[in-house]
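**Student:** Pasting a structure below so you can have a look.
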Amino acid sequence: MKRFLNICILMVSVCVGAQEKVTVYFDLDSHEMQKEGSLKLSEWFSQNQQFEIQKVYGYCDSVGTYGYNDKLALRRIRTILDILKKNSVRFSKTLEIKGFGERFEQSPDQGENRKVEIYFNRPEAKRAEKEEKMAEKVAAMKVGDKLRLRHLNFYNRSGRVVPKSIPVLEELYQIMKDNPKLKIDIQGHICCQPQGDLEDISTLRSRTVYNYLIEKGIDKSRLTYQGYGSTMPLYPIPEKNEFERDENRRVEIMIVANQ
């Protein structure tokens with residue numbers, strides 16, 4: 731039986747400094763992932779808590795030339811980065827991307843050398859405890875103030891919320907329920923597209939939040955939504971790195987009334 735099927739194994743291990751690692755394996759001379767492998771990786775991320783990608787390293791076996799394997803390693807990295815972006819994973823501001831090709835200590839089993847390693851950190855429990863809750867932030871806000879809905883992530887080019895972000899919507903609903911005089915404008919933003927939001931993704935995402943609150947029973951007279959595309963970036967477009975792109979693609983609420 732073939733041991734590796736394009737991508738067939740995900741291994742998670744704890745590394746030094748509380749950093750964790752996921753290793754993704756590829757088939758011989760391939761950087762493509764079959765649908766099954768892509769779904770497995772997406773499912774793994776959707777089932778884990780919020781984390782931040784620190785490093786993505788690509789490797790190859792010793793078949794082929796150094797130059798060819800250097801390029802193949804980078805293509806494998808790009809494949810994985812595309813999947814991470816589709817799952818709205820957060821990237822470190824100091825994200826490190828490196829293709830080693832075959833220039834590393836090779837395993838005798840060539841299949842173990844055809845891989846991409848993803849290093850990530852989970853939020854520390856103490857930091858999470860100290861993080862001010864959304865309700866506390868909203869209570870202190872005035873008309874015109876804005877609050878980014880942190881950890882509210884969507885599937886790529888879509889208004890569909892990833893499962894791990896549902897608690898953010900639930901928390902916002904509870905705030906609206908507990909504060910009947912609170913009115914908000916929900917504002918969507920995207921990254922990377924100086925020519926404009928051609929697919930109106932920013933509106934789709936703000937409308938998703940709007941519809942969720944209405945379906946939960948919040949009166950629509952207390953809600954409005956807008957899509958601003960890439961017209962109000964926090965960082966200039968084109969962004970310099972994944973951190974800036976992640977910051978630019980966001981959904982915010984603006985306080986309209988808060989008595």
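Numbering-wise, this note's numbering comes out as the position in the sequence shown, counting from 1, plus 730.
Ideal Cβ positions, reconstructed from N, Cα and C, are used throughout, including at glycine.
Determine which residues share a DSSP beta bridge with D915 and list them.
**Tutor:** Here the question's residue 915 lines up with position 185 in the sequence shown. Bridge partners of D915: T954 and M984.
**Student:** Let's see if you can read the secondary structure: which residues bound the beta strand (DSSP E) around E750?
**Tutor:** As a working mapping, residue 750 is identified with position 20 in the sequence shown. That run of the beta strand (DSSP E) goes E750 to Y755.
**Student:** Measuring only the C-alpha atoms, how far is S837 from R852?
**Tutor:** As a position in the sequence shown, residue 837 is number 107, starting the count at 1. As a position in the sequence shown, residue 852 is number 122, starting the count at 1. Near 29 Å, if we compare the C-alpha coordinates of R852 and S837.
**Student:** Sorted by chain position, which residues of the same chain lie with C-beta nearer than 6 Å to E835's C-beta, five sequence neighbours on each side aside?
**Tutor:** As a first step, residue 835 must be located in the sequence shown, where it is residue number 105. Around E835: no qualifying Cβ.
**Student:** Considering only C-alpha positions, which residue in the set I931, N971, Y942 and L943 is nearest to T961?
**Tutor:** Locating residue 961 in the sequence shown gives position 231, counting from the first residue. Out of I931, N971, Y942 and L943, I931 has the C-alpha closest to the C-alpha of T961.
**Student:** Could you tell me the boundaries of the alpha helix (DSSP H) in which V898 lies?
**Tutor:** Within the sequence shown, numbered from 1, the residue matching residue 898 stands at position 168. Segment I896 to D908, the alpha helix (DSSP H) holding V898.
**Student:** Output the distance between the C-alpha atoms of E782 and V819, rounded to the nearest integer angstrom.
**Tutor:** Position 52 of the sequence shown, counted from the start, is the residue given in the question as residue 782. Position 89 of the sequence shown, counted from the start, is the residue given in the question as residue 819. So the alpha carbons of these two residues sit roughly 7 Å apart.
**Student:** Give a single yes or no on whether R878 has its beta carbon closer than 7 Å to a heavy atom of the ligand ADP.
**Tutor:** For the structure depicted, the ligand ADP is absent and the ligand set is empty, with no information on it obtainable.
**Student:** Just grab the DSSP bridge partners of F850 for me.
**Tutor:** What you label residue 850 is simply residue 120 of the sequence shown in a count that begins at 1. According to DSSP, which records beta bridges pairwise, F850 is partnered with E750 and I783.
**Student:** Start and end of the alpha helix (DSSP H) containing S822?
**Tutor:** Position 92 of the sequence shown holds residue 822. Per DSSP, S822 belongs to no alpha helix (DSSP H); it is in the beta strand (DSSP E), R820 to G831.
**Student:** Leaving aside the five residues before and after D915 along the sequence, list all residues of the same chain whose C-beta is less than 6 Å from its C-beta, in chain order.
**Tutor:** For the purposes of this step, residue 915 is taken as residue 185 along the sequence shown, with counting starting at 1. T954, M984 and V986.
**Student:** Roughly how many angstroms lie between the CA atoms of L882 and P893, to the nearest whole one?
**Tutor:** For this step, residue 882 is matched to residue 152 along the sequence shown. For this step, residue 893 is matched to residue 163 along the sequence shown. Rounded to the nearest angstrom, the two C-alpha atoms are 10 Å apart.
**Student:** Helix, strand or coil for Y965, going by three-state DSSP, please let me know.
**Tutor:** In the sequence shown, the residue the question calls residue 965 occupies position 235. In the structure shown, Y965 sits in coil (DSSP, three-state: anything other than H, G, I, E or B).
**Student:** Assuming L804 and G788 make a contact with CB atoms under 8 Å, what is their CB distance in whole Å?
**Tutor:** For the purposes of this step, residue 804 is identified with residue 74 of the sequence shown, where counting begins at 1. For the purposes of this step, residue 788 is identified with residue 58 of the sequence shown, where counting begins at 1. That pair is a contact at about 6 Å.
**Student:** What number of angstroms, rounded off, separates the C-alpha of P968 from the C-alpha of R880?
**Tutor:** Translated into positions along the sequence shown, residue 968 becomes position 238. Translated into positions along the sequence shown, residue 880 becomes position 150. If I take the Cα positions, the gap works out to 22 Å.
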